[in-house]
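Numbering (this note's numbering), first residue to last: 1 to 175. Don't be surprised by glycine CBs; every beta carbon is placed ideally from N, CA and C. Values in this document were obtained by computation on a predicted structure and should not be read as measured data. Right, one structure below, let's go through it.
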């Protein structure tokens, strides 16, 4: 009986390790990526080392207070096709469509003047424009059954972009 129990325990660990390794290995990019997988945090977070210059459209929007959480800026980079080809992504879910910037205060200070920040507090508007940014600490994880990607802003790759104030689309993020 002990032999069967021991065999069951060993098989369970072996299958669990194989499953974790399979989950960890499912990130691909269609071109060589400057981001290299460094840590797999079970059950659903993968971290990458390195830094990359990523081009695309930046969107900066003020999110009002909700459910007891204070308001704050949401900063999202929607990578262009060339950048998408270099970004590691879940092989089963397709290319990265957006990267949430985690250090919002740093990027807001680098890209928006105090007057722009004040104008951005109007909930019906947001800032948008083309950018080339240096990012690092690239991560991916699953929340609300959706895979998300995020990174830290390091620097503007070119001159400071001109972000324009635009009417906000009617989309509301939710789980």
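Cβ pair residue i, residue j closer than 8 Å
i, j, result
"residue 27", "residue 46", "yes"
"residue 141", "residue 44", "yes"
"residue 182", "residue 88", "Residue 182 lies beyond the stretch modelled for the chain, which goes from 1 to 175, so this question has no answer here."
Residues bridged to residue i [DSSP beta-bridge criterion]
i, result
"residue 78", "57"
"residue 36", "49"
"residue 41", "45"
"residue 143", "146"
"residue 182", "The shown model of the chain, from 1 to 175, leaves out residue 182, and the question about it has no answer."
"residue 132", "55"
Chain-order list of residues whose beta-carbon lies under 6 Å from that of residue i (same chain, five-residue window excluded)
i, result
"residue 104", "73, 75"
"residue 78", "56, 57, 98"
"residue 86", "29, 31, 33"
"residue 102", "150, 152"
C-alpha gap between residue i and residue j, whole angstroms
i, j, result
"residue 108", "residue 31", "30 Å"
"residue 119", "residue 59", "14 Å"
"residue 167", "residue 111", "19 Å"
"residue 150", "residue 96", "10 Å"
"residue 146", "residue 91", "14 Å"
"residue 22", "residue 68", "Any reading at residue 22 must be qualified, since the residue scores a pLDDT of 48, below 50, and its modelled position is unreliable; the value itself is stated next. Each residue's Cα considered, the two are about 38 Å apart."
"residue 169", "residue 155", "28 Å"
"residue 100", "residue 137", "12 Å"
"residue 160", "residue 130", "10 Å"
"residue 144", "residue 93", "15 Å"
"residue 65", "residue 51", "32 Å"
"residue 125", "residue 165", "6 Å"
Contact with chain B by residue i, beta-carbon distance below 8 Å
i, result
"residue 94", "Judged by its chain identifiers, the structure shown contains no chain B, having just a single protein chain."
Proximal residues to residue i (C-beta, below 7 Å), its chain only, five neighbours per side dropped
i, result
"residue 157", "53, 132, 133, 134"
"residue 114", "none"
"residue 117", "108"
"residue 62", "71, 73, 120, 121, 123"
"residue 84", "95, 96"
Assigned exposure category for residue i - 16 Cβ within 10 Å defines buried
i, result
"residue 42", "exposed"
"residue 81", "exposed"
"residue 139", "buried"
"residue 162", "exposed"
"residue 49", "exposed"
Own chain partners of residue i with C-beta closer than 8 Å, once the 5 adjacent residues on each side are dropped
i, result
"residue 38", "47, 48, 49"
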